[in-house]
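Undergrad:
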Amino acid sequence: MFFLYNLERRLTLHPSYFGKNMKDLVTTKLSKDVEGTCTGSYYIISVVGNSSISEGRILPGSGLAEFTVAYRAVVWRPFKGETIDTVVVSVNQHGFFAEAGPLRIFVSAHLIPGEIKWDPNGTPPSFHDEDTTIQVGTHVRVKIIGTRAEVGDLWAIGSIKEDYLGYFFHRIPLWINVHVC
Amino acid sequence: MSDPRDHDQPDDSDEEEDFNPAPADVSDDEGGNAGNNDEDVESSPPGKARKGLPAPQSDVGDDEEDEGEGDEDDVNGNNDDEEEEEEEDEEDEEIQGHRRKRARRKDKRGAFFDLEAEVDDEDEDEEDEDDAEHEGFIEHGEAGEAEQFAREDDARHRELDRRREMENDMDLEQEAERLKKQYGNKRSGRSMHDSAVVPQRLLLPSVDDPSIWGVRCKEGKEREVIFSIMQRIQQKQGTKDELGITAAFERGGPNSVMKGLIYVEAQRQTDILQALDGMLNVYPRTKLLLVDIKEMPDLLRVQKTPTLEPGAWVRLRRPPKHSGDLAQVIDITDNGLEARVKFIPRLDYGLRDDALAATTADGKRKRTMGPGPKPPQKLFSEVEARKRHPRYITGNPQTNIWQYNGDEFEKGFQVKDIKIQHLTIKDVNPTLEEVTKFASGGEDGVENIDLKSLAASLKDSTINVMYLPGDVVEVYDGEQKGVVGKATNVQGDIVTMEVVSGDLAGQTIEVPTKGLRKRFRPGDHVKVIGGSKYREEVGMVVKISEDRVTLLTDQTNTEITVFSKDLREASDIGGQGSLGQYEMTDLVQLDPTTVGCIVKIDRESMVILDQNGDKRHVMPSQIANKLPRRKLAVAADRNGAEIRPDDVVKEYGGMGRQGKIVHIHRTFVFCHTNATNENAGIFVSKVSNVATISAKGGRINAAANTSDLSTMNPAAKRPEAKNNMGPPKQMFGRDRLIGQTVTIKKGGYKGLLGRVKDTTDTHARIELHTKSKIISVAKTDVVVRDSVSGNVIKNYDSRKPGAFGMGRPGGDRAAPDWSNAGGRTPMASASSRTPAWKTPSAGGAGGAGGRTPAWNRNGDGGRTPAWAAADGSRTVNPYDGNRTAYGGSGGRTPAWSSGSKTPAPDSFSHGSKTPGYGGSGSSDPWGSGSKTPYGAAPTPGASGGDSWGYTPGASGGSGAYDAPTPGAGLLGAPTPAAMNAPTPGAYSAPTPGAMNAPTPGGGWQGGGWGAESAPTPAAAAPTPAASGFSYAVDAPTPGAWSAQTPAASGPRYEDD
C-alpha cells in the first residue's frame, strides 16, 4: 500500500561545498540517498517536495556540516494479507517467484491451488491447469501472507490459493516499476 | 396339591445348603424347577462349572432382589462394622461357593448319569399321576381322540400356569425369609459396591483382611506364574486341599520396580507356601515380603503403561548387535509381553565367520560376536546371503520373505519377536534420517513415512518440547481442545496460558504440555530448534497440517517440513548463516590457489562453491582464511568495462546467468542471482566472461552528478591538483624501516641495538638483540644503523612522520611533492649532486635545484619530454586525484612525479594498453586504487632498457633519479612512470621478469604490500641494471636506496 510519509534524515556536507547552492545539493543528495531504498518495512519510492532543511551545524572535528532534512516521501509498504499484482520472474518446482516492483514474492507450491500442476517438461517449465499457465512473465495476482526484512531489502511469501487470485489477463501493465535513476 | 410339596423342598435344601452338600441340592433344583424352569436348569450348570465362582448363578435374579431387601435392613441396622462383615461375607460366600461348586460339579456329573435319570423319572411320575387324574376326568365326556388331546393339553397348560404363579409367590416370600435369616445381620460385599455412595476410604483393607505377601519369582515370568496359580486353583477347587490363597497378582512390566515379584493374598503365610509349592519360576521358600497394609492400595494403583501400538518406533536393547537401533513395531503379541518389530539388519553374511573359525579352532569362542565392530545397517540381500550361505537361506522371492540363519527377513528388514522389556519405548527420538531408511523400503520407491506414528513417538519424549513464555500455543487434546493462547508461564509439564480467542478469551488456564502444541500461521517467520536435522534453519511458514509445518528457508529457499514443537517464532533478522567467523557468501581461501564462496552453512560444516564452480563440503578448520570483502575491487569485463561488486553482470555464453557481483577475486567473479536456488543463487564466472548489464552507465552518471557530498568537492579539488599533487594522505608499501638494524635513542631501552620487526605510522616494533624481546618505540627515537658496520645511516628514509626534516635540502624545494617526500635522496642535496644534476639545473632549473632539463623544459612541472611527445594519444588519468600512492613513497624524485601523471592514464585506457599492461593480466592493479607503476613502466622501452628507467646512458649522465631526462626520453618510452612506484614492487615490476610474471599485479591488488610484493620474481632477480647498482641489500626498497646511482655508489648513504 502506498503512503505519503513524513520522514527525517540527517545529511552531511563537506565544507568544500559550502556556498549558495547548498540547499540544492542537499536536496539532490537526499533524493539520491533515499529514493529506491528499503527501510525495514517499506520502500521509499520518491521524495515529494517541500522538504525543510534545517540550518547546517558544523560537526566538531571533521568540519562537515550536518543538515536535518524533513521531507515527505511516497512509500510503499507491503502488508500481510494485501493483494497485489505481480509479474512472475522465475519458476521452479517448489513454486514461483514474482516481483511487484522492488518486492520479490515467493509463492510456494503449497500455496498454489492443487489443480495447477507443476510441469517440468514444458518449455519453459511452468505451473498450469487447463486454462492458465504460470510461467516467467505471467501476470499473477498474489496475496501476501508474510513478509521478511533483510538488510536493505524486503521479501515476501504469497499465496494464490484463494478466490480471485492467480493468473489474470490485463492489457495495461499494472505495476510500474518505481526505480528512480 | 402338589405345589407346596414342590416348593418346600427347594427351600429346605437352600437353607441346609451350608451344612449339607450335594444331593439334596440337586434334587431340589431339579425338583423345584422341574419342567417349569427349564432354562434355569440348562443354563446354570455350565455357568457354574465354568466359573467356579462363589455366587450361585442360578438364583442370581432372586438372590439379588432378596439381598437388596436384606441390605436395606442391614444398612438401617448396623453400619458400624461393615468392613468386617463384608469380609466375613466374602469368606462366607467363598466357602459357600466352594461347597456349592462342589455340589454343582456333582450335579453336573450327575447329569450324565443317574441323577438326570432320576429327575426325569420324577417328572414322568408326576406326569403319570397327572395323567391318571386327567384320565379320570376324561372318562366323562365322549370326544374324539384329537379333541381329547387338545383338552388334555389345555388343561395341562393351565395347570402349569397356575402352578407357576403359586410357585412364584411362595418362592419370593420364602426366599426372602430364608435370606433374612441367613444374612439378617450381615451385609453383602457386592451390594456395597453397587451403592456407589460408600466412600472409598472405607473400602481400604484393614488388619482383619488377608495379608499380601510378595513372593520372589523369576523376572519376566511373573505373568506365567500367576497363570499357573490360577490353573492350580481351578484344579484344586472343590478338592480337599483347596488353596488357601484368596488372590494373586503381579505388577511386573518392562519398567516396573516390582519386577521379579508376585503378590499373593492369603490369611496365613503357610497357605502361600502350600499353594506355590512345586511351582516353576517362583520361589516361595525365599523370604516373603509382607506388604504393609498402608501400601496395599498402592500395589493396585493403575499406572498408565506406555502403550505400544503397531507402527510405533522403538529402540532395541537386545540383541546386542542391534542395541540402539531403531525399530518399528509391527504387532504386539496377545499377552502384551512381546512385540514383533522390524528393523534394518546388521549382517555380514558370514564374511567374518570364516576368519573367526580359522583363528579359533577350539570352537569355544567361535560363537561370541566379540566386541568387534557391528556390521553396518543394510537391508537384507538375498544375493549376498546366497553367496556364502546358500544352504541357510530359505524363502520366497515372491513375497520377499526369507529365513536366513534362523532370522526372518521381510522385504529387506529383519523381523523379530522381542520382549517388550528389551525395547526402549520412551524417548525414542527417531531422527528423520533413520526413519527415511525405513520408508525407502517401499517397493514403489515412494516414501511413505508414517509421520503420524513418528509424531507419536516423538511426542512421548516430552523432554525436547520446550515452551517458553510468549509462545503461541494451541490445545489439541483434552477438554480445552481447540483453545489458542499465549504461554505465560511454564513449570515442568504445566503451561500456563492466556487464552486469546474464543469463549475463554482473557482467562488464564493451565494445561499439561502433553496436549499442547505450538501454533503458527502461514507467513510466520520461524526458527527450527530442537532435534531436527534442520536445526537453526530460519524460514517462513508456508503450510501447516496438524503439527507438521512446512517452511521455506531464508538461506537456501528450500522447503523443509518439521514438527511444530521444533519451531520457535524467530525475530525478523538473524537466523543461521554463520558458523564461527564464516557467514553465507563469504569469500574464503581454501588453499593458496583456490578461493570459494560459502553457499551453505550447516551446523558443523559448510558448502563452498570454489572458483572453478565446484562445490565442496568443508569444515571450518579446512579453511585457510577468510578474505575480506573488498568494496573497491575492480575488474574489467569482457568488453573492457569496469565492473565492481554490486554491479549486475551477465554471463556471456554459457548459461547466460545474470547476477549481482558479490566478490571479485583476481579473474573470478562470484555473483548472486535470484533466478535459482542452487548454491543459494551464487555462481562463479571468469571476469572475461561476463558483461556489464547496468552498472557502468549508472556509475558514471552517479559520479558525474552527485559525488559524495561529505567528502571533498572534486570540483574544488581539481585545479589545486594540477599544480600540486596534494599531500599524500596515506602511505603504501612496506616501510623501509622494517628489517633495519637500529639503535634506540631514548627511553629505558636507550642505546640498545635491535632490528625492526614491524612498524606503524609512528612506532616501530623492535626486536632487541640483547634480549629476546620486542618493544615498541617511536620511530623518531630510533637511529638506523648499518647492519654490518654499525654506522649510523642518517638519512634513512622511513615513513616516520617526523622524518621530514631529515635530509631536507634546505631551500631548494623544487616542488611541494619534493618537500612532502620527506626522505628525499641525498642526491638532491647540492653537496652530493652529480654532475648530471647540476648541469641541467644550471641550464634553466637553477631555482629548482634538482631538476633536469627535461623537467624544466616541459614547464609542466611533472612531465617528461617523452610524455610530452606522446601527449596526443594520452588521456587524463581519471585517478589523478587519488594518486596518493606515489606521494606515500618517501623517495620520490622529480622523475617520479612527472611520470606519474601521464603514462598511467595512458595505459589505463584500454584502447592503448601497453604491453606492460597486458602482461599484468588483469586490470586489477588499477582496482587497488593505487596507481601503480605498472601501467607506466612496462613499455618496451623501459623494460628493454632498464627497469629503473636508467638506461646506461641516463645513469651515466646523471643521478639515478634523473630518469626522465632526455636520455630516458630517447628511449621513446614513458619510462618515468617506472619511477612512480615508490615501492620495491613497483620497481621490480617493470623489469623484464616482472613483465612476464603477473604476480606483482596480484600483489598490488591484494593490498598486501608487505609480504607479497617483495618476493616477486623481479625483486628476487634484479635486472642486470639493478644489480649493476650494487643492489645487494636485501631491503628491496629502491626508493630507500636513493643513493644507488652510480655516482652514489661510492658514498652510499651519504652522511651529513
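These protein sequence lines map, in sequence, to chains W and D.
Counting in this note's numbering, the first sequence tops out at residue 181, every number present.
Counting in this note's numbering, the second sequence tops out at residue 11056, every number present.
Glycine is no exception: its CB is placed at the ideal position from the N, C-alpha and C atoms.
#1: Cβ closer than 9 angstroms: which chain D residues qualify as neighbours of W:His139?
#2: Determine whether the Cβ of W:Lys20 lies closer than 7 angstroms to any Cβ atom of chain D.
#3: Of all Cβ atoms in chain W, is any one closer than 7 angstroms to the Cβ of D:Glu10559?
#4: Could you tell me the distance, in whole angstroms, from the CA atom of D:Trp10213 to the CA atom of D:Glu10177?
#5: Using a Cβ cut-off of 7 angstroms, pull out every chain D residue sitting near W:Tyr17, in sequence order please.
#6: Which chain W residues sit within Cβ distance under 7 angstroms of D:Gly10523?
#7: What separation, rounded to the nearest whole angstrom, lies between the Cα atoms of D:Ile10529 and D:Asp10602?
#8: Which whole-angstrom value describes the C-beta separation of D:Ile10766 and D:Val10777, a residue pair presumed to lie in contact below a C-beta threshold of 8 angstroms?
#9: Classify D:Ser10907 as buried or exposed, calling it buried when 16 or more other Cβ atoms lie within 10 Å of its own Cβ.
#10: Does the contact criterion of 3 or more C-beta pairs under 8 angstroms hold for the stretch 10557–10565 of chain D versus the stretch 10637–10648 of chain D?
#11: If I follow the unbroken alpha helix (DSSP H) through D:Val10383, where does it start and stop?
#12: For D:Ala10155, which of helix, strand or coil comes out of DSSP?
#13: Determine the burial state of D:Val10662: buried for a count of at least 16 other Cβ atoms within 10 Å of its Cβ, exposed for fewer.
#14: Determine the closest residue to D:Thr10676 out of W:Leu154, W:Phe106, W:Thr132, with distance taken between C-alpha atoms.
#15: Can you give me the Cβ contacts of W:Pro124 inside the same chain, cut-off strictly under 8 angstroms, excluding the 5 residues immediately before and after it?
#16: Since W:Thr39 meets chain D, which of its residues come closer than 9 angstroms, beta carbon to beta carbon?
#17: If you count every other CB in all the chains shown that lies within 10 Å of the CB of D:Gln10231, and 16 or more means buried, which is it?
#18: What residues in the stretch 10531–10552 of chain D bring their beta carbon closer than 8 angstroms to a beta carbon of chain W?
#19: In chain order, what residues of the stretch 10658–10692 of chain D put their CB closer than 8 angstroms to some CB of chain W?
#20: For the stretch 10413–10429 of chain D, list every residue whose C-beta sits within 8 angstroms of some C-beta in chain W, in sequence order.
#21: Report yes or no: do three or more beta-carbon pairs, one from the stretch 10380–10388 of chain D and one from the stretch 10416–10429 of chain D, lie closer than 8 angstroms?
#22: Measure the alpha-carbon distance for D:Arg10616 versus D:Glu10537 and round it to whole angstroms.
#23: What are the boundary residues of the alpha helix (DSSP H) that D:Ile10226 is part of?
#24: If you drop the 5 nearest sequence neighbours on each side, which residues of the same chain put their C-beta closer than 6 angstroms to that of D:Lys10342?
#25: Could you pull out every residue in the same chain whose Cβ sits closer than 6 angstroms to the Cβ of D:Gly10613, ignoring the five residues on either side in sequence?
#26: Could you spell out the range, first to last residue, of the beta strand (DSSP E) harbouring D:Ile10682?
#27: By DSSP, does W:His14 sit in helix, in strand, or in coil?
#28: Measure the C-alpha to C-alpha separation of W:Leu59 and W:Glu66 and round it to an integer number of angstroms.
#29: Excluding sequence positions up to five away, which residues of its chain have a Cβ less than 7 angstroms from the Cβ of W:Lys252?
#30: So is D:Met10497 buried or exposed if we call it buried at 16+ other beta carbons inside 10 Å?
#31: Does any residue of chain D have a CB that is nearer than 7 angstroms to the CB of W:Ser126?
#32: Using Cβ-Cβ distances below 7 angstroms, what residues of the stretch 95–110 of chain W are close to chain D?
#33: Identify, in the order they occur along the chain, each residue of the same chain with its Cβ nearer than 6 angstroms to the Cβ of W:Pro102, setting aside the five sequence neighbours on each side.
#34: May I have the straight-line CA-CA distance separating D:Asp10493 from D:Val10541, to the nearest angstrom?
#35: Quick one: which chain W residues come within Cβ less than 9 angstroms of D:Asp10554?
#36: Under a CB-based cut-off of 7 angstroms, is W:Phe3 close to chain D?
TA: In short, the structure shows the following:
#1: In the first sequence, counting from the first residue as 1, residue 139 of chain W sits at position 139. Simply none; closest approach about 19 angstroms.
#2: Start at 1 with the first residue of the first sequence, and residue 20 of chain W comes out as number 20. Output row for W:Lys20: interface = no.
#3: Counting from one through the second sequence, the residue named residue 10559 of chain D turns up at place 559. So yes, D:Glu10559 belongs to the interface.
#4: Indexing the second sequence from 1 puts residue 10213 of chain D at position 213. Indexing the second sequence from 1 puts residue 10177 of chain D at position 177. Each residue's alpha carbon lies about 41 angstroms from the other.
#5: For the purposes of this step, residue 17 of chain W is taken as the residue at position 17 of the first sequence. What W:Tyr17 touches in chain D: Leu10709, Asn10713.
#6: Numbered from its first residue, the second sequence carries residue 10523 of chain D at position 523. Those are Lys80, Ile145, Gly146, Ile157, listed as they occur along chain W.
#7: Counting from one through the second sequence, the residue named residue 10529 of chain D turns up at place 529. Counting from one through the second sequence, the residue named residue 10602 of chain D turns up at place 602. In a straight line, the C-alpha of D:Ile10529 is about 14 angstroms away from that of D:Asp10602.
#8: Translated into positions along the second sequence, residue 10766 of chain D becomes position 766. Translated into positions along the second sequence, residue 10777 of chain D becomes position 777. Right, their Cβ atoms sit about 6 angstroms apart.
#9: The residue given as residue 10907 of chain D occupies position 907 in the second sequence. With a pLDDT of 39 at D:Ser10907, under the threshold of 50, the predicted position of this residue should be treated as unreliable, though the coordinate-derived value follows. So D:Ser10907 ends up on the buried side.
#10: no
#11: As a position in the second sequence, residue 10383 of chain D is number 383, starting the count at 1. Here the alpha helix (DSSP H) through D:Val10383 covers 10382–10388.
#12: As a position in the second sequence, residue 10155 of chain D is number 155, starting the count at 1. DSSP places D:Ala10155 in helix when its eight states are reduced to three.
#13: Counted from its first residue, the second sequence places residue 10662 of chain D at position 662. Result: buried.
#14: Looking up residue 10676 of chain D in the second sequence gives position 676. Among W:Leu154, W:Phe106, W:Thr132, the Cα nearest to that of D:Thr10676 belongs to W:Phe106.
#15: Taking the first residue of the first sequence as position 1, residue 124 of chain W is located at position 124. Here the set comprises Val91, Gln135, Val136.
#16: Here the question's residue 39 of chain W lines up with position 39 in the first sequence. Ordered by position in chain D, no residue passes the 9 angstroms Cβ test against W:Thr39, which lies about 12 angstroms from the chain.
#17: By one-based count along the second sequence, residue 10231 of chain D stands at place 231. Its Cβ having fewer than 16 others within 10 Å, D:Gln10231 is exposed.
#18: Met10540, Val10541, Val10542, Lys10543, Thr10550, Leu10552
#19: Asn10674, Ala10675, Thr10676, Asn10677
#20: none
#21: no
#22: On the second sequence, residue 10616 of chain D is found 616 positions in, with the first residue counted as 1. On the second sequence, residue 10537 of chain D is found 537 positions in, with the first residue counted as 1. Computed Cα separation, rounded: 20 angstroms.
#23: Numbered from 1 along the second sequence, position 226 holds the residue referred to as residue 10226 of chain D. Segment 10222–10236, the alpha helix (DSSP H) holding D:Ile10226.
#24: Reading the second sequence from its first residue, position 342 is the one you call residue 10342 of chain D. Closer than 6 angstroms at the Cβ level, and outside the excluded window around D:Lys10342, lie Gln10328, Ile10330, Phe10413, Val10415.
#25: Translated into positions along the second sequence, residue 10613 of chain D becomes position 613. Cβ within range, chain order: Val10684.
#26: As a position in the second sequence, residue 10682 of chain D is number 682, starting the count at 1. Start and end: 10682–10686.
#27: On the first sequence, position 14 is the one that residue 14 of chain W refers to. Coil at W:His14, not helix or strand.
#28: As a working note, residue 59 of chain W is residue 59 in the first sequence. As a working note, residue 66 of chain W is residue 66 in the first sequence. Spanning the two alpha carbons is a distance of roughly 7 angstroms.
#29: In this structure chain W extends from 1 to 181, so residue 252 of chain W is not present and cannot be described.
#30: As a working mapping, residue 10497 of chain D is identified with position 497 in the second sequence. Buried, since its Cβ has 16 or more Cβ neighbours within 10 Å.
#31: Taking the first residue of the first sequence as 1, we reach residue 126 of chain W at position 126. Taking Cβ atoms only, chain D never reaches closer than 7 angstroms to W:Ser126, which makes this a no.
#32: Phe97, Arg104, Phe106, Ser108, His110
#33: As a position in the first sequence, residue 102 of chain W is number 102, starting the count at 1. Tyr43, listed in sequence order.
#34: Counting from 1 along the second sequence, the entry for residue 10493 of chain D is found at position 493. Counting from 1 along the second sequence, the entry for residue 10541 of chain D is found at position 541. Taking the straight line from one Cα to the other gives about 27 angstroms.
#35: Translated into the one-based positions of the second sequence, residue 10554 of chain D becomes position 554. Those within 9 angstroms of D:Asp10554 in chain W are Arg148, Glu150, Trp155.
#36: Here residue 3 of chain W corresponds to residue number 3 of the first sequence, with the count starting at 1. Not an interface residue.
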